[in-house]
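K.L.:
Going by the working numbering, the sequence shown opens with residue 26, and the numbers climb by one from there.
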Amino acid sequence: MISRRGDRKDFRSLTTRRAAEREFEILGLIAQGHNNLAIASKLSLSIKTVQNYVSSILMKLQVADRSQAIVRAREAGLEKKV
26 MISRRGDRKD
36 FRSLTTRRAA
46 EREFEILGLI
56 AQGHNNLAIA
66 SKLSLSIKTV
76 QNYVSSILMK
86 LQVADRSQAI
96 VRAREAGLEK
106 KV
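#1: Can A56 and R99 be called in contact, C-beta distance under 8 Å?
#2: With a threshold of 7 Å on Cβ separation, who are the neighbours of R6 within its own chain once the five nearest residues in sequence on each side are excluded?
#3: Whose C-beta lies closer than 8 Å to the C-beta of I82 among residues of the same chain, with five residues either side of it excluded?
#4: Could you give the residue range of the alpha helix (DSSP H) that holds S81?
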């Protein structure tokens, strides 16, 4: 019998990993100069979803705005990977 606690932990791990992959993808697009509307269109997401991802990215990078996030992304070479 599989415990429910284990199932929840596996699900959280999976969803966290997927969210991180999407944030990485969005950060790369930001570094390429795409705005939220372009990112939403390219990834088939709503503009609000993109805004939420961008807010999460800024918080995780501990930066105040997109331009600072772009600097961090470019320092890491992200604009070339997406």
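In this text, a Cβ means the ideal position worked out from N, Cα and C, and glycines have one as well.
Since the structure is predicted, the reported quantities are computational estimates derived from the model, not experimental observations.
P.N.:
For this structure:
#1: yes
#2: Here the chain has residues from 26 to 107 only, and residue 6 is not among them.
#3: E48, I51, L52, I55 and A94
#4: I72 to L86
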